[in-house]
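Those protein sequences? They're chains A and B, same order as listed. Here the first sequence stands for residues 1 to 207, where the numbers follow the working numbering. Here the second sequence stands for residues 208 to 414, where the numbers follow the working numbering. A quick write-up on the structure given underneath.
Protein chains: 2
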Amino acid sequence: MARFEKVPDIVIGRLPVYLRALTRLASEGQEITSSQQLGKMLGVSSAQIRKDLSYFGEFGKQGMGYNIAHLQEQLSAILKVDREWEVVVVGAGPLAEALIREDPFAGKGFRIVALFDSRPERIGQRLAGMEILDSAQLPEVVRQRGLKVAILAVPAAEAQQVADTLVAAGIKAILSYASTTLSVPPEVRLQYNDAAAQLQRMAYYLQ
Amino acid sequence: MARFEKVPDIVIGRLPVYLRALTRLASEGQEITSSQQLGKMLGVSSAQIRKDLSYFGEFGKQGMGYNIAHLQEQLSAILKVDREWEVVVVGAGPLAEALIREDPFAGKGFRIVALFDSRPERIGQRLAGMEILDSAQLPEVVRQRGLKVAILAVPAAEAQQVADTLVAAGIKAILSYASTTLSVPPEVRLQYNDAAAQLQRMAYYLQ
DNA sequence: CCATCTTTGTCAATACTTGCACAAAAGCCT
DNA sequence: AGGCTTTTGTGCAAGTATTGACAAAGATGG
C-alpha cells in the first residue's frame, strides 16, 4: 500500500490499542505474534490489523507473523512516542494528583513536568511531590520549555478560558477532563476524557 | 425513520455528547436550539445531528428547532440515564479518590455506592469519606444490591481477574482504567478509559 | 392572510470502512 | 528437496456512515 496517502484518523486511533496489546504480550515473554492472535485478543478481525499496519509499511513475515519487539518500535515511531513528550497539567485537584501519583504515561511517551492552578491558596503548595505553579506563569513556562501537550483538569466553567491560554502559548494537543465542550483552532488536537459519557454510552444497552 | 431498527453504536456514542452540549446551553439560560447551533458547538454537521435524533423519533419543530429541556429529557430516557445507576468502584487508589471527590457523574445518571480493595492494610480505612470494603465481599454486595455498573481501577496485573469476578457477580457494564486489554463475554459492555492512548493518538499529528 | 424566512426529517448520493478471499512468501517436516 | 502448512499484504466487494439537497411544516411580519 502507498506510504504517502493520508491515513484515516480511525486507524491512528487503533494503533495505541495495538501497542498496548504488544506490550502485554512482550511482558509475557512472547517474541512473535500474528494478526490472528492480536485480533482475538482485541476483538477485531485479523484483516483489519493487517490492513491498518499496511498503511505504514510491511512489518510481518509471511508464514511467521510479526516480531513483537520490532513492531512495538515501529508503531512507537509512527505515533511519535519513541521519545518523551513533556506534558503540562492545569488544575491541581484530586485528578491531577491521581495522574501524578499513578503516572499512567510511564513508558508510553509522556512525562508530566509542570502543574498549574489559579487558586491563590494552592499556589506554592506541593501535590504528590510536584510544586503547584501560578497559572499566571503558564504562558511563559509553556513557551520557554516549548511544551506541546497539555492536560486540562479544571472546573468546566474555566475550561474554555484555560484552553484559549494554552493554545495562545503554543500547545498543540489538549486532553480535557472538563465535562464541557471546548472550541480550539483546527491545528490543535483535542480529546475529551469523559468517564460520564462512557458510562452513559454503556447504559443504553442495560436491562 | 423506523423506530425499531437497530441503532448503530456510533450514534449511541454521540448522544452523551449532545446531552452535554444541551446541558451547557441550558445552564446559559437558552431554551431553544437548532441542529445548526449544536453542530457548530460540537464541530459536526447539522445533518448528522438531525439524522442521529431521527433514529429515536421527531423532537424538533420545523422552522423553530428543538426545545432544550425537552430534548434533554428525551435523550436521558433513551440512554437510560433518567434514573440513577448505582456504581461499584474496585481499587481504592488515587484515581478512586479523584472519582469520589470530584464526582463527575453527579446529575448524569450514576452514583458511586461501594468501594473495594484487596490490600489488607487498606480494608476498613476510609477514602474520601467512603469505607473501603474487602474485595472478598464483592460478589455478595454486587449481587445483593443488584449492581450492574462497575469501574475498574486496579493495577493491570489484577484487572482480568477482577473483571471475571465482576461478570460472575452480574455486572453488565465495566469502565476500565487499567491499561490492559480485557476479555469479557459479549453480553457485558466494556469501555476503556485510557488517557495514555488518547495522548498517543494525538501525538501522531504533532510536529 | 399571504409572502417570506427558517429549520426539520428524510431520501439519495457520496464517501469511508471493513471483511473476504487468495496469490505469494516463508518456515517446517520428512 | 519438495510438499505441506501458516500467515502476510492487498484487490475487490460488501457494508456503514456522512453529507447534500429539498419538500414540508411552522413562525414572523406587514
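Even for Gly, the Cβ is constructed at its ideal location relative to N, Cα and C.
Item                                                                                                                                                                                 : Value
Between ASP401(B), GLU238(B), THR372(B), ALA364(B), which lies nearest to LEU382(B) when the distance is taken from Cα to Cα?                                                        : ASP401(B)
Going by DSSP in three states, GLY146(A) sits in which element: helix, strand or coil?                                                                                               : coil
Whose Cβ in chain A lies nearer than 7 Å to the Cβ of PHE323(B)?                                                                                                                     : Per Cβ cutoff of 7 Å: no residues; PHE323(B) is ~17 Å from chain A at best.
Against chain A, which members of the segment 397 to 412 of chain B pass a CB distance test of less than 9 Å?                                                                        : LEU397, GLN398, TYR399, ASN400, ASP401, ALA402, ALA403, ALA404, GLN405, LEU406, GLN407, ARG408, MET409, ALA410, TYR411, TYR412
Would LYS40(A) pass as a contact of LEU413(B) if the rule is Cβ separation under 8 Å?                                                                                                : no
Could you tell me if SER390(B) is buried or exposed, where buried requires 16 or more neighbouring beta carbons within 10 angstroms of its beta carbon?                              : exposed
Using 8 Å as the limit for Cβ to Cβ distance, is PRO223(B) near chain A?                                                                                                             : yes
Do we get a CB-CB distance below 8 Å when we pair THR387(B) with the residues of chain A?                                                                                            : yes
Where does VAL167(A) sit, in a helix, a strand or coil, going by DSSP?                                                                                                               : helix
Exposed or buried, GLY146(A), counting other C-beta atoms within 10 Å across all chains shown (16 or more means buried)?                                                             : exposed
Tell me which residue opens and which closes the beta strand (DSSP E) that TYR66(A) is part of.                                                                                      : 65 to 67
To which residues does DSSP link GLN269(B) through a beta bridge?                                                                                                                    : Answer is none; GLN269(B) lacks a bridge partner.
Is the segment 100 to 112 of chain A close to the segment 123 to 136 of chain A, with three or more CB pairs under 8 Å?                                                              : yes
Determine the closest residue to ILE239(B) out of LEU226(B), SER252(B), THR387(B), GLY267(B), with distance taken between C-alpha atoms.                                             : GLY267(B)
Span of the beta strand (DSSP E) holding GLU86(A)?                                                                                                                                   : 85 to 90
Give a yes or no on whether 8 Å exceeds the smallest Cβ distance from LYS148(A) to chain B.                                                                                          : yes
Return helix, strand or coil for VAL184(A), following the three-state DSSP convention.                                                                                               : coil
Determine, using beta carbons only, whether LEU382(B) comes closer than 8 Å to chain A.                                                                                              : yes
Buried or exposed, going by whether 16 or more other CB atoms sit within 10 Å of the CB of ASP117(A)?                                                                                : buried
Which residues in the same chain as GLN344(B) place their Cβ atom closer than 8 Å to its Cβ, once the five residues preceding and following it in sequence are excluded?             : PHE323
Helix, strand or coil for ALA114(A) per DSSP?                                                                                                                                        : strand
I want to verify the contact list: residues of chain A whose CB lies under 9 Å from the CB of GLU304(B), in sequence order.                                                          : PRO94, GLU97, ALA98
At 7 Å on the CB atoms, spell out the chain B contacts of GLY13(A), in chain order.                                                                                                  : ARG408
If you compare alpha carbons, which of GLU58(A), ILE12(A), VAL44(A), GLN74(A) is closest to THR208(A)?                                                                               : The displayed coordinates of chain A run from 1 to 207. Any statement about residue 208(A) would go beyond what the structure contains.
Does any residue of chain A have a CB that is nearer than 8 Å to the CB of ALA228(B)?                                                                                                : yes
Evaluate contact between the segment 366 to 376 of chain B and the segment 141 to 157 of chain A, counting only Cβ atoms and requiring at least three cross-stretch pairs below 8 Å. : no
For VAL188(A) and ALA173(A), what's the separation of their Cα atoms in angstroms?                                                                                                   : 6 Å
Listed in chain order, which residues of the segment 241 to 266 of chain B have Cβ atoms closer than 7 Å to some Cβ of chain A?                                                      : MET248, LEU249
Give the DSSP-derived three-state secondary structure of ARG231(B) in the structure shown.                                                                                           : helix
Where do the ends of the beta strand (DSSP E) carrying ILE123(A) lie?                                                                                                                : Here ILE123(A) belongs to no beta strand (DSSP E), and DSSP marks it neither H nor E.
Short of 8 Å in beta carbon distance, which residues of its chain neighbour ARG111(A), apart from the five on each side in sequence? Order them along the chain.                     : GLU84, TRP85, GLU86, VAL87, PHE105
How close, in whole Å, do the beta carbons of SER46(A) and SER35(A) come, if the pair is a contact with beta carbons under 8 Å?                                                      : 4 Å
Between TYR66(A), GLN144(A), LEU95(A), which has its C-alpha nearest GLN30(A)'s C-alpha?                                                                                             : TYR66(A)
State yes or no: is the beta carbon of GLU309(B) nearer than 8 Å to at least one beta carbon in chain A?                                                                             : yes
Report the neighbours of VAL288(B) on chain A: residues whose CB is nearer than 7 Å to its CB, in chain order.                                                                       : GLN200, ALA203
Any Cβ of chain A within less than 8 Å of the Cβ of ARG318(B)?                                                                                                                       : no
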